[in-house]
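Trainee:
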Amino acid sequence: MSPWMINTAAGILAVLAATGLFFFVTTRGTLIVRGLAGGPRSSESHVYPIYSNMRLIKLVDFQPIISAILLFQYHRLVSRIVSGLRATNLKHKKVLITSCAFGNVIPRVVDASLNSGASRVVVADIIKNELLHAKSKLDDTYGSRIEYVEDDATAMKQSEGFADANIMFFLLHELPHDLKGKALSEAGRMLAPGGKLYLGEFHKPTPLVLKCLSWSYFKVFEPLGLALWDSHDPVAILQKMGGWTVERQTFFFDNFQIITATKH
């Protein structure tokens, strides 16, 4: 192997190592430090700095990066939700987006909802900076049809049954296990009968190699996400609650899922 190839390989490994360290420090690493420091737990204790610090938000929220993290399935996953909204008559109805997400999911969901006749889209997140960042992505022409509210997905202040569609995109895997069910319960409470919950999340992959890689990723960066594979499968939780008709579609060797749950 030539010196050039050795140097190139070393450079790539160094970049990957630095990137991995950055994401670990700004995600799980911070939670570990918080846990060791002790102190009272708040509703934001589980939130990573990467989602609350505006500088980090702007640094990381770059579409190619977000697409790469989701193994370039981001567009397909969002498109599945968008197609569902476009096929629904939302005339004079309200749509809820529970928790902001990186990438272009919010602009695409907002556009699809309003084009389907929605009178208002409520964007809710526990972090104010996430709401400000989401607002910066949206066209000013939407005006008062978009409402931004600081709210906790596990204990929402919104009125019961006010929305006819609720989008929750890659939130559950970051919530502590005792809050996963609460978030789904709140999602159902805020939906009107016949309303739909669109849930995008990770799923247990089928190929052994991908399963091992995903397991390793979760163990290092997102340990709370592994429970979605078994003990806290969103479909199982919704079915146990009752009052739902649930459909699941998986993507990329079953590594990701879009759940469409219709409230009875």
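Basically the working numbering = 1-based index in the sequence shown + 2.
The C-beta atom is built at its ideal place from N, Cα and C for all residues, glycine as well.
Here the structure is a predicted model, which is why all the values come from computation and not from measurement.
#1: Which residue from Gln160, Tyr50, Leu210 puts its Cα closest to that of glycine 190?
#2: With a CB to CB cut of under 8 Å and the five nearest residues on each side skipped, what residues in its chain are close to serine 54?
#3: So, helix, strand or coil for leucine 87, using DSSP?
#4: Could you name the residues of the same chain whose beta carbon sits closer than 8 Å to that of leucine 140, not counting the 5 residues immediately before and after it, in chain order?
#5: According to DSSP, is glutamate 132 part of a helix, a strand, or is it coil?
#6: Give the straight-line distance between the Cα atoms of lysine 60 and alanine 136, rounded to the nearest whole angstrom.
#7: The alpha helix (DSSP H) spanning tryptophan 217 covers which residue range?
#8: Taking C-beta to C-beta, are glutamine 65 and phenylalanine 258 nearer than 8 Å?
#9: Take glycine 202 as the anchor and find which of Ile67, Ser115, Leu174, Val35 has the nearest alpha-carbon.
#10: Identify which residue in Thr28, Asp180, Val35, Asp166 has its Cα closest to the Cα of leucine 116.
#11: Looking at valine 97 and alanine 120, is the spacing between their C-beta atoms short of 8 Å?
#12: Here's the rule I'm using: 16 or more other beta-carbon atoms within 10 Å means buried, otherwise exposed. How should threonine 156 be labelled?
#13: Within the continuous alpha helix (DSSP H) that includes leucine 58, where are the two ends?
#14: Count the other CB atoms within 10 Å of the CB of histidine 266; is the residue buried (16 or more) or exposed (fewer)?
#15: What residue from Phe255, Ala19, Pro5 has the CA that sits closest to serine 216's CA?
#16: Please report the straight-line C-alpha distance between leucine 177 and lysine 93, rounded to a whole angstrom.
#17: Applying the criterion that 16 or more other CB atoms from any shown protein chain within 10 Å of the CB defines a buried residue, is valine 234 buried or exposed?
#18: Could you check if methionine 192 is buried or exposed, using at least 16 other CB atoms within 10 Å of its CB as the buried criterion?
#19: Based on Cα-Cα distance, which residue from Cys102, Gly183, Ala114, Arg122 lies nearest to leucine 134?
#20: In this structure, how does DSSP classify asparagine 168 when only helix, strand and coil are distinguished?
#21: Is glutamate 249 helix, strand or coil by DSSP?
#22: Starting from arginine 191 and walking both ways along the alpha helix (DSSP H), at which residues does that stretch end?
#23: Return the first residue and the last residue of the beta strand (DSSP E) that leucine 240 is part of.
#24: For leucine 240, which of Trp231, Gly183, Leu212, Arg78 has the nearest alpha-carbon?
#25: Taking all protein chains shown into account, do 16 or more other C-beta atoms lie within 10 angstroms of the C-beta of glycine 197, making it buried, or fewer, making it exposed?
#26: So is lysine 95 buried or exposed if we call it buried at 16+ other beta carbons inside 10 Å?
Mentor: Based on what the coordinates show:
#1: Gln160
#2: Glu46, Ile129, Asn131, Glu132
#3: helix
#4: Ile108, Pro109, Val112, Ile148
#5: helix
#6: 11 Å
#7: 210 to 222
#8: no
#9: Leu174
#10: Asp166
#11: yes
#12: buried
#13: 56 to 62
#14: exposed
#15: Phe255
#16: 33 Å
#17: Reading off the sequence, residue 234 comes out as histidine, not valine. The residue in question, histidine 234, is buried, as its Cβ has 16 or more Cβ neighbours within 10 Å.
#18: buried
#19: Cys102
#20: strand
#21: strand
#22: 179 to 191
#23: Premise fails: leucine 240 lies in the alpha helix (DSSP H), 236 to 243, not in any beta strand (DSSP E).
#24: Gly183
#25: buried
#26: buried
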